[in-house]
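Read through the structure below, which is laid out as structure tokens, and then see the notes.
Residue numbers (our numbering), protein chains in the order written: chain A, 72 to 185; chain B, -6 to 106.
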């Protein structure tokens, strides 16, 4: 079974600075999808960024980018120019190409200081 | 509405009672998922629907849990004889099909007294 590990329960960043959230995963599959979701206090899970494992190029969405290291099974999220609205719980998630369910990490609480 | 809608937003009930949680997916989304988010277990998959059938119900924790989906749209998650360990946020998501991004609702916070 696949597992996802987020080793940072909590992170803090100063407004306008850059922060990196870590995620590692374990799988025997060669093709899969990886995601970062943001969950603000409203509880809604918001898709931040998605990476297909067969793509070597790291995904980027505006201020959000990933560092995908397939051999190391690492998938970190970099948030540039942090804003107060970025404060939330961030979840890393894995999905097999053969299934539909998301497997989530434990989450990282991100606090943004003004 | 434009997003996934879940009701009720919050539910408080006594141990032993049955509860029904509702999910209204984004219009046109054929795939629907239920997840549970609890303090002890994190985010766990419960069940996946494609249309009205559930090809993967491997995450349902016990036979007290059941779900159905009718008309390829609204889904209901039912928990019978609730226990305190059922207290959690129940999240619903939908997508346009397999291997497509999942869009989540705001969840139902269930508290068992």
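Built from N, CA and C at the ideal position, the CB exists for glycine as well.
Item: Within 7 Å, strictly: CB atoms of residue 83 of chain B and residue 171 of chain A; Value: no
Item: Within 7 Å, strictly: CB atoms of residue 36 of chain B and residue 27 of chain B; Value: no
Item: 7 Å CB neighbourhood of residue 159 of chain A in its chain, flanking five on each side removed; Value: 109, 110, 111 and 181
Item: DSSP three-state assignment for residue 7 of chain B, whether helix, strand or coil; Value: coil
Item: Short Cβ contact (7 Å threshold) for residue 185 of chain A with residue 81 of chain A; Value: no
Item: Amino acids of chain A, ordered along the chain, whose beta-carbon sits closer than 9 Å to that of residue 12 of chain B; Value: Simply none; closest approach about 18 Å.
Item: Cβ pair residue 168 of chain A, residue 73 of chain A closer than 7 Å; Value: no
Item: Partners in chain A for residue 155 of chain B, counting only beta-carbon separations shorter than 9 Å; Value: In the structure as shown, chain B begins at -6 and stops at 106. Residue 155 of chain B is therefore absent and cannot be evaluated.
Item: Contacts of residue 100 of chain B in chain A (Cβ-Cβ under 8 Å); Value: 114 and 115
Item: Chain A contacts from the stretch 10 to 35 of chain B (Cβ-Cβ distance under 9 Å); Value: 24, 26, 28, 30 and 35
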